[in-house]
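Colleague: Below is one structure. I have some questions about it.
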Amino acid sequence: MGRIVGAVLTGGASRRMGRTKALVPYRGAPLAARVLVALGDGGCDPVVLVGGDAEELAVLGFPVLPDRWPDEGPLGGVLSALGALGDAESVVVTACDLGELTGETVRRIIDGPPGAAVVVAFGTRRHPTLARYHSDVERDLEAIFTGGERSLMGALGALERRGVDVVDVTVEEQRLKNVNDAGDLAC
């Protein structure tokens, strides 16, 4: 398997949190720092942030890639990450608010079938903001995006209709817990 980039989506508005979610302390570290470590521990190299205020996020010590489509949701961030792959085979994309993500969970995603967009699921619900996207899906995803789709879940369905192999990998539900507001910080 070729090189796999880890990308943390940090371009969201954080309206429910009221401040930059990526930098909110959670169990002793900024949320995004915990996610960055999990990506590295899982085998991603390099690990980058996508979107958001690069100056503000610089405190995390990782490169910040600009979001080519700011304010267009996570699908724009996934496309931005895919567009910056260089010679890497795939990108593991994750939301910045998965404070319970582990390297083991990332490894399960990486070890999924090569060439597929591997989407984490628990039960029957997919989590497309914690997935491995192969470089081959970039062109299809961009066409879906420019066709007006903004929902990442909708884009996955469109990929499947185009014949792209989308595989669900079941992980512990706890690893998929989003930290969305101040009440979630107390958990």
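Going left to right, the sequence shown walks through residues 9 to 195 as my numbering numbers them.
Quick reminder that beta carbons are idealized off the backbone N, C-alpha and C, glycines included.
Assuming Ile117 contacts Arg133 under a Cβ cut-off of 8 Å, what Cβ separation, rounded to an integer in Å, is found between them?
Modeller: Not quite, the Cβ-Cβ distance comes to about 16 Å (not below 8 Å), so this is no contact.
Colleague: Return the bridge partner residues of Asp98 from the DSSP annotation.
Modeller: Position check: residue 98 holds Ser in this sequence, whereas Asp was assumed. BP columns for Ser98 point to Ile12 and His142.
Colleague: Consult DSSP for Leu83 and reduce its assignment to one of helix, strand or coil.
Modeller: Leu83: helix per DSSP, three-state reduction.
Colleague: For the beta strand (DSSP E) containing Arg178, name the first residue and the last one.
Modeller: What sits at residue 178 in the sequence shown is Thr, not Arg. Start and end: Val174 to Thr178.
Colleague: Kindly list the residues whose CB is nearer than 8 Å to the CB of Val145, restricted to its own chain and excluding five residues on each side of it in sequence; keep chain order.
Modeller: Cβ neighbours of Val145 beyond the five flanking positions: Leu90, Ala125, Leu167 and Val172.
Colleague: Alpha helix (DSSP H) containing Leu160: first to last residue?
Modeller: Where Leu160 is concerned, the enclosing alpha helix (DSSP H) stretches over Leu160 to Arg169.
Colleague: From this set, Pro54, Gly14, Asp49 and Arg169, which residue's C-alpha is nearest Val86's C-alpha?
Modeller: Gly14
Colleague: Can you give the Cα-Cα distance for Trp77 and Tyr34, rounded to whole angstroms?
Modeller: Whole-angstrom Cα-Cα distance: 28 Å.
Colleague: Within its chain, find whatever has a CB closer than 6 Å to the CB of Thr137; leave out the 5 residues flanking it on each side and keep chain order.
Modeller: Pro82 and Ala103
Colleague: Between the Cα of Leu68 and the Cα atoms of Ser88, Leu39 and Ala96, which residue gives the shortest distance?
Modeller: Leu39
Colleague: State the CB to CB distance for the pair Gly60 and Val72, rounded to an integer number of angstroms; the pair is presumed to be in contact (CB under 8 Å).
Modeller: 7 Å
Colleague: What is the DSSP secondary structure of Val126, reduced to helix, strand or coil?
Modeller: strand
Colleague: Do the CB positions of Leu57 and Thr18 come within less than 7 Å of each other?
Modeller: yes
Colleague: Please report how far the alpha carbon of Ala163 lies from the alpha carbon of Val174, in whole angstroms.
Modeller: The C-alpha of Ala163 lies about 11 Å from the C-alpha of Val174.
Colleague: Just the Cα atoms here: how many angstroms apart are Leu115 and Gly156?
Modeller: According to the sequence displayed, residue 115 carries Arg and not Leu. Each residue's alpha carbon lies about 33 Å from the other.
Colleague: From the DSSP output, read off the bridge partner residues of Leu73.
Modeller: Val58
Colleague: Just list the residues that DSSP pairs Ala37 with in beta bridges.
Modeller: Tyr34
Colleague: Do you know offhand how far Asn186's Cα is from Leu109's?
Modeller: Those two C-alpha atoms are separated by around 10 Å.
Colleague: Would you mind giving the Cβ-Cβ distance between Leu184 and Val128, rounded to the nearest angstrom? I have them listed as a contact below 8 Å.
Modeller: 7 Å
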